[in-house]
Amino acid sequence: MIQNFIDTFLAQARYEMIDDGKHFYAEIKALRGVWATGRTLEECRTNLLSALEGWLIFRLRNRLAVPHFKAPARAKPQKVYA
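Using full-length UniProt numbering, read the sequence shown as starting at 1 and increasing by one per residue.
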């Protein structure tokens with residue numbers, strides 16, 4: 001469930017180039033204060049994941065509200081014929 005939360009909100013992240021294309025900036029607007037920067041897009045994504053994890057841990061430890069989200073539906077098992 002926690003991984004679903006992280007995946008759901010990372011999918012909402014918006015990225016942009018800043019400093020004349022020398023750095024990247026990302027934020028998740030639905031989660032106030034969750035943003036990151038990086039020299040490369042991958043570094044920015046990694047930093048955003050760390051920021052999101054830290055935000056979630058802080059909220060849970062302090063018993064603060066966490067936004068509801070719709071978890072992806074589980075795949076239904078299907079019969080396989082050989």
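Glycine is no exception: its CB is placed at the ideal position from the N, C-alpha and C atoms.
Rounded to the nearest whole angstrom, the CA to CA distance from alanine 13 to asparagine 62 is 24 Å.
Per DSSP, reduced to three states, the secondary structure at arginine 32 is coil, with no helix or strand assignment. Between valine 66 and leucine 52, the gap from beta carbon to beta carbon reaches 8 Å or more. The C-alpha of leucine 48 is placed about 8 Å away from the C-alpha of threonine 37.
Assigned with DSSP and collapsed to three states, glycine 38 falls in strand. Residue range 2-10 is occupied by the alpha helix (DSSP H) that includes phenylalanine 9, with no beta strand (DSSP E) assigned at that position.
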